[in-house]
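So for the sequence shown, the working numbering puts the first residue at 20; every next one is plus one.
We put the beta carbon where it would ideally sit given N, CA and C, even for glycine.
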Amino acid sequence: MAEDRTKIPTPLRREVLEEAGYACAIPVCRIATVEIAHIEPWSKVKEHTFDNLIALCPNHHTLYDVEKKIPKASVLRYKANLAVLNGRYSDLERRVLEDAVAQRYGMANGMPVPPDPGMRQWTVHRGMGLLLSHLLKDGLIRKGLGPSGGLRVGHQEMEHTYVLTPKGIEFVRQWQDAEPLLE
């Protein structure tokens with residue numbers, strides 16, 4: 020760290036961490052050990068602003084800042100997509116989308132999981148369906164035919180199963196590939 024570089028204020032640091040759910044902002048990663056990265060380098064801007072900060076795991080921080088293997092345009096899009104996701108979807112909805120990314124790409128929290136590029140399913144208690152209402156309204160999920168081993172949330176009786184729609188699969192792909200999310 021350069022000697023003239025000031026520490027990121029604690030409230031700003033917390034805001035950046037909360038935006039990313041205290042995990043790496045790269046959707047397929049989501050590792051909980053994070054650092055705060057400047058999108059535009061500190062050496063150029065000499066300030067800490069929310070719009071110029073993003074939570075990245077140490078590996079992705081190095082790939083971005085040092086090795087230059089992650090394009091700045093991708094990091095800017097991940098940051099913009101966080102605003103869309105956090106402004107539009109509930110915590111449960113974001114977790115459903117994160118699970119879809121994990122299944123699609125065979126990685127969750129930095130650990131391999133069996134990839135499933137097809138339709139993902141989630142079974143939730145009937146009363147919790149309201150918490151998925153924005154995904155439903157946006158056409159990213161639809162009610163499925165019944166329980167078949169999807170992620171279970173809540174009690175097992177009175178369940179509804181939801182599946183990704185083709186639009187939902189495309190949304191997950193766009194999020195992972197740092198493309199603008201469907202509006």
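Beta bridge counterpart(s) of His144 as assigned by DSSP: Residue pairing by DSSP places His144 opposite Glu178 in a beta bridge.
Bridge partner(s) assigned by DSSP for Glu54: In the DSSP output, where bridge partners are listed per residue, Glu54 has Leu75.
Under the rule that 16 or more other beta-carbon atoms within 10 Å means buried, what is Pro46, buried or exposed? Classification of Pro46: buried, given that the 10 Å Cβ count is 16 or more.
Report the three-state DSSP secondary structure of Lys91 (helix, strand or coil). In this structure, Lys91 counts as helix in the three-state DSSP scheme.
Please list the terminal residues of the continuous alpha helix (DSSP H) segment that includes Ile188. That run of the alpha helix (DSSP H) goes 185–195.
Which of the three DSSP states is assigned to Arg114 in this structure? Helix.
DSSP bridge partner residues for Ile160 (one or two, in chain order): Leu183.
Continuous alpha helix (DSSP H) stretch holding Leu149: start and end: Under the DSSP assignment, Leu149 falls outside any alpha helix (DSSP H); it carries neither an H nor an E label.
If Gly158 and Gln140 are in contact, beta carbons under 8 Å, what's the gap, nearest whole angstrom? That belief does not hold up - the Cβ atoms of Gly158 and Gln140 are roughly 17 Å apart, past 8 Å.
How would you label Arg49, buried or exposed, when you count the other beta carbons within 10 angstroms and need 16 or more for buried? By the neighbour-count criterion, in which 16 or more other beta carbons inside 10 Å mark a residue as buried, Arg49 falls on the buried side.
Local conformation of Gly106 per DSSP, three classes: For Gly106, the secondary structure class from DSSP, reduced to helix, strand or coil, is helix.
Report the CB separation of Thr180 from Thr142 in whole angstroms; it is logged as a contact under 8 Å. Rounded, the Cβ-Cβ distance is 5 Å, consistent with contact.
How many Å lie between Lys98 and His144 at the Cα? His144 has its alpha-carbon roughly 32 Å from the corresponding atom of Lys98.
Closest residue to Lys91 among Val115, Arg123, Ser62, His57 (Cα-Cα distance): By alpha-carbon distance to Lys91, the top candidate from Val115, Arg123, Ser62, His57 is His57.
Suppose the cutoff is 6 Å on Cβ atoms and the five residues either side in sequence are ignored; what does the same chain contact list for Leu82 look like? Taking C-beta separations shorter than 6 Å and ignoring five residues to either side along the sequence, the partners of Leu82 in its chain run Lys88, Ile89, following chain order.
In the DSSP assignment, find the unbroken alpha helix (DSSP H) run with Glu34 in it and report its ends. Element bounds for Glu34: 29–38.
Spatial distance of Leu104 from Arg113 (CA atoms): Approximately 7 Å, taken between the alpha carbons.
Helix, strand or coil for Thr68, going by three-state DSSP, please let me know. Coil, per DSSP.
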